[in-house]
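The structure appears right after this line, and notes come after that.
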Amino acid sequence: MSGRPFYLNIRHKISQLLNPALCLSCGIPVSSSDFICTDCMDAMERVPSPCELCGLPNPIDDAICPSCLHHPPLWQSMTAPLIYRDNTRKLIQALKFNEQVYIANALITHIYPYFNPHGVEALIPVPLHLNRLLERGFNQAEEIANALSSFLNIPVDRKSLTRIKSTESQAGLSLNKRQHNIIKAFQYRGVRTYKRVAIIDDIITSGSTMSEISKCLQKSGIRDIQVWSLARALKHD
Numbered sequence: 026m027s028g029r030p031f032y033l034n035i036r037h038k039i040s041q042l043l044n045p046a047l048c049l050s051c052g053i054p055v056s057s058s059d060f061i062c063t064d065c066m067d068a069m070e071r072v073p074s075p076c077e078l079c080g081l082p083n084p085i086d087d088a089i090c091p092s093c094l095h096h097p098p099l100w101q102s103m104t105a106p107l108i109y110r111d112n113t114r115k116l117i118q119a120l121k122f123n124e125q126v127y128i129a130n131a132l133i134t135h136i137y138p139y140f141n142p143h144g145v146e147a148l149i150p151v152p153l154h155l156n157r158l159l160e161r162g163f164n165q166a167e168e169i170a171n172a173l174s175s176f177l178n179i180p181v182d183r184k185s186l187t188r189i190k191s192t193e194s195q196a197g198l199s200l201n202k203r204q205h206n207i208i209k210a211f212q213y214r215g216v217r218t219y220k221r222v223a224i225i226d227d228i229i230t231s232g233s234t235m236s237e238i239s240k241c242l243q244k245s246g247i248r249d250i251q252v253w254s255l256a257r258a259l260k261h262d
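Next up, the structure:
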């Protein structure tokens with residue numbers, strides 16, 4: 026993390042100690058351990074009846090949606106509790122683009138029970154390319170992984186997965202361009218042998234990034250890959 030986001034994080038923590046804590050979304054007073062008030066958390070939509078594989082709303086009464094039954098993804102399950110719109114979108118964008126890194130911990134404080142830690146040996150954040158990391162000063166996926174680690178007591182593996190190709194942002198690209206953009210963008214060199222891991226990111230949109238990472242992990246012998254994210258973008262959004 027560069028000096029500026031580190032300073033902003035420290036300033037936020039000092040402010041919490043000296044003043045009544047305020048909801049990060051609406052600004053009303055809240056408990057210092059809550060970060061976001063109950064009304065604002067309730068207003069953040071959860072994905073209804075999510076498919077266990079793609080995280081999208083399942084149109085049938087089953088664990089896996091028809092699309093995933095016919096074309097299963099490379100990973101074994103996906104958890105992305107929030108819908109990426111309205112307050113959720115605003116907070117994640119503030120985390121990602123406004124250097125408000127403490128928002129990662131604020132959201133995880135409320136949604137960590139959605140994630141099943143059973144058997145997960147490591148949390149692997151989606152890495153940024155070095156150029157993007159130097160530009161932004163921090164990796165939002167790593168901040169989310171750090172927060173999950175503190176609640177679920179699972180170590181974060183920050184070294185095994187690297188981004189070796191500097192790609193353009195996936196935002197705004199078509200599905201076909203997303204898939205092409207991310208080809209051979211990652212390299213996995215495991216520091217140890219894992220049976221089950223969770224890949225961590227802020228938003229799942231098309232799943233192209235997770236598919237490419239899953240290929241790398243499978244080549245190393247990892248057979249149980251979980252995908253964990255704060256939010257899921259719905260296709261019509």
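Okay, so the sequence shown: first residue is 26 according to my numbering, each after it adds one.
Backbone N, C-alpha and C define an ideal beta-carbon position, used for all residues, glycine too.
None of these values were measured; they are calculated from a predicted model.
Residue i vs residue j beta-carbon contact at 8 Å
i           : j           : result
residue 207 : residue 151 : no
residue 145 : residue 223 : yes
residue 126 : residue 176 : no
residue 101 : residue 250 : yes
residue 107 : residue 137 : no
residue 82  : residue 75  : yes
residue 49  : residue 131 : yes
residue 254 : residue 227 : yes
residue 165 : residue 129 : yes
residue 225 : residue 135 : no
residue 56  : residue 68  : no
residue 9   : residue 103 : Since the first residue of the chain shown is 26 and the last is 262, residue 9 is not available in this structure.
Opening and closing residue of the alpha helix (DSSP H) in which residue i lies
i           : result
residue 136 : 127-136
residue 176 : 165-177
residue 140 : That residue, residue 140, is in no alpha helix (DSSP H); it is neither H nor E in DSSP.
residue 117 : 111-122
residue 238 : 233-244
residue 191 : Element bounds for residue 191: n/a, residue is neither H nor E.
residue 77  : Here residue 77 belongs to no alpha helix (DSSP H), and DSSP marks it neither H nor E.
residue 96  : Residue 96 -> no alpha helix (DSSP H), and no H or E assigned at all.
residue 156 : 155-161
Best match in the options for proximity to residue i [C-alpha to C-alpha]
i           : options               : result
residue 86  : 97, 73 and 96         : 73
residue 99  : 46, 252, 258 and 259  : 252
residue 179 : 142, 156 and 67       : 142
residue 93  : 78, 55 and 244        : 78
residue 52  : 148, 112 and 88       : 112
residue 139 : 232, 105 and 215      : 105
residue 259 : 182, 66, 56 and 110   : 110
residue 235 : 63, 188 and 68        : 188
residue 215 : 184, 133 and 116      : 184
residue 243 : 231, 233 and 219      : 219
residue 245 : 231, 212, 155 and 232 : 212
Where the beta strand (DSSP E) through residue i begins and ends
i          : result
residue 46 : That residue, residue 46, is in no beta strand (DSSP E); it is neither H nor E in DSSP.
Which residues DSSP lists as bridging residue i, in chain order
i           : result
residue 251 : 102 and 223
residue 213 : 186
residue 228 : 256
residue 71  : 107
residue 148 : 181 and 223
residue 54  : 47
Residue-level contact to chain D via CB, residue i, 8 Å cutoff
i           : result
residue 257 : The structure shown contains no chain D; it is built from a single protein chain.
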